[in-house]
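Okay, so here's the structure we're looking at.
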Amino acid sequence: MKTIYTLITSLLILSCASSRVDVRSNESLNQWIDAKQYSLEATTAMPMNTVAVSAVLNSNILGPGNSASQINLIGNSNFLRIKGDSVHASLPYFGERRMGGSYNSRETGITVNGLYKDYKVDTKKGMYVITFSARDTQGNENYDFILNISPSLHADYSVQSSQRSNIHYRGRIEKLDLENQE
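Numbering (the numbering used here), first residue to last: -9 to 172.
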């Protein structure tokens, strides 16, 4: 009886381990990543939870259904695009600015339009993990991006700034549409 139990348990463990979907199983995603031609759109923003951010965002300033831990971005135009050796981003920002900034700045979100540095693609736990750094459009702030992309085209990505608290986004990845770009 013990032998049968051990055999069944072993088969269950092996079948669960082999059913894990690997990122390499999605051919179109592999092509986008290899060609560096993809775009991400966030549906949710998750700012770093600090006392000040919680106090402001929990005051219902963002409307019903939003909280300090999760902000709905559906209907809010945002993007993070990788095209060859450059990155273009326009992401809303919710959180604390710790230093810096400039007078009369119209760009309160995360805006990047230029070359990236230290672009690296790894695979971990069946997902792509892409890291790179970039400067904002005014050249005052440095950002470190970490993208986690699953084979089902879901993307979780975080932005670490030299002047602001961290923020995390959740959304989807798609092929970069070169004809209809801004």
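A virtual CB, placed ideally from N, CA and C, is assigned to each residue, including glycine.
Same chain, Cβ closer than 6 angstroms to residue i, neighbours up to 5 away in sequence not counted
i, result
"TYR106", "VAL77, PHE122, ALA124"
"GLY65", "none"
"SER140", "MET117"
"GLY161", "LEU30, GLU31, ALA32, THR33, ALA145"
As assigned by DSSP and simplified to three states, the class of residue i
i, result
"ILE23", "helix"
"LEU166", "coil"
Backbone CA spacing between residue i and residue j [nearest angstrom]
i, j, result
"ASP134", "TYR109", "10 angstroms"
"GLU17", "ILE157", "30 angstroms"
"ASN103", "LYS115", "31 angstroms"
"ILE163", "TYR83", "20 angstroms"
"VAL119", "ILE23", "11 angstroms"
"SER148", "SER142", "19 angstroms"
Among the options, the one whose alpha carbon lies nearest that of residue i
i, options, result
"VAL43", "SER57, ALA32, THR34", "SER57"
"ASN39", "LYS165, VAL111, ARG154, ASP167", "ARG154"
"GLU131", "ILE51, ARG88, ALA35", "ARG88"
"GLU86", "SER49, ASP75, VAL41", "VAL41"
Close beta carbons around residue i, own chain, < 7 angstroms, minus the five adjacent residues each side
i, result
"SER80", "ASN68, PHE69, GLY99, THR101"
Beta-carbon contacts of residue i that lie in its chain and below 8 angstroms, excluding the five residues immediately before and after
i, result
"ASN62", "THR33, THR34, GLY55, ASN56"
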